[in-house]
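A quick write-up on the structure given underneath.
Residue numbers (our numbering): 1 to 134.
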């Protein structure tokens with residue numbers, strides 16, 4: 001939540017969406033969508049994470065690994081990455097479910113995510129949408 005806005009993630013048809021809602025009017029000032037649909041009989045369909053709001057930006061990770069940064073004021077997409085692709089993961093049984101962790105208080109802060117994949121990483125850092133290599 002930021003001010004009078006609540007931001008969430010949800011599945012809408014074939015799109016995982018990041019949705020901003022006005023708490024007073026329930027209007028949707030903006031929606032960001034990625035063309036992907038995660039299906040699971042155990043946990044339900046769609047995203048599992050919670051948006052992280054830091055330094056005026058909204059960071060999200062969808063169930064299939066779409067990692068987004070959206071400027072909360074301008075509604076502009078700053079970057080979209082797929083952390084599963086970055087880490088050579090072909091399938092996620094239960095879906096990606098951890099929320100991004102932002103370290104720092106500027107636009108070039110580190111953002112930690114929890115990918116799975118063939119490279120064996122359980123934690124990875126990104127800066128400005130770029131994966132940092134160890």
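Every residue gets a Cβ at the ideal spot worked out from N, C-alpha and C, and that includes glycine.
Legend entry - Which listed residue (46, 23, 57, 84) has its alpha carbon closest to that of residue 36: Distances from the alpha-carbon of residue 36 to those of 46, 23, 57, 84 put 46 closest.
Inset, instruction - Can you give me the Cβ contacts of residue 14 inside the same chain, cut-off strictly under 7 angstroms, excluding the 5 residues immediately before and after it? - result: 35, 37
Legend entry - Residue interval of the beta strand (DSSP E) (run including residue 21): 15–22
Inset, instruction - Tell me whether the beta-carbon of residue 83 lies closer than 8 angstroms to the beta-carbon of residue 70. - result: no
Inset, instruction - Give the C-beta separation of residue 87 and residue 124 to the nearest angstrom, bearing in mind that I take them to be a contact with Cβ-Cβ under 8 angstroms. - result: 7 angstroms
Legend entry - Three-state class that DSSP yields for residue 39 in the structure shown: When DSSP states are grouped into helix, strand and coil, residue 39 belongs to the coil group.
Inset, instruction - Report the three-state DSSP secondary structure of residue 71 (helix, strand or coil). - result: strand
Legend entry - Distance between residue 25 and residue 96 (C-alpha atoms, nearest Å): Roughly 31 angstroms between the two C-alpha positions.
Inset, instruction - Using the DSSP secondary-structure output, state which residues sit across from residue 82 in a beta bridge. - result: 66
Inset, instruction - Identify, in the order they occur along the chain, each residue of the same chain with its Cβ nearer than 7 angstroms to the Cβ of residue 104, setting aside the five sequence neighbours on each side. - result: 110
Legend entry - In DSSP terms, what residue 125 is bridged to: 112
Inset, instruction - Report the option in 12, 32, 127, 121 whose CA atom is closest to the CA atom of residue 106. - result: 127
Inset, instruction - Give the range of the beta strand (DSSP E) segment to which residue 10 is assigned. - result: 5–12
Legend entry - Closest Cα partner of residue 42 within the set 100, 16, 132, 94: 94
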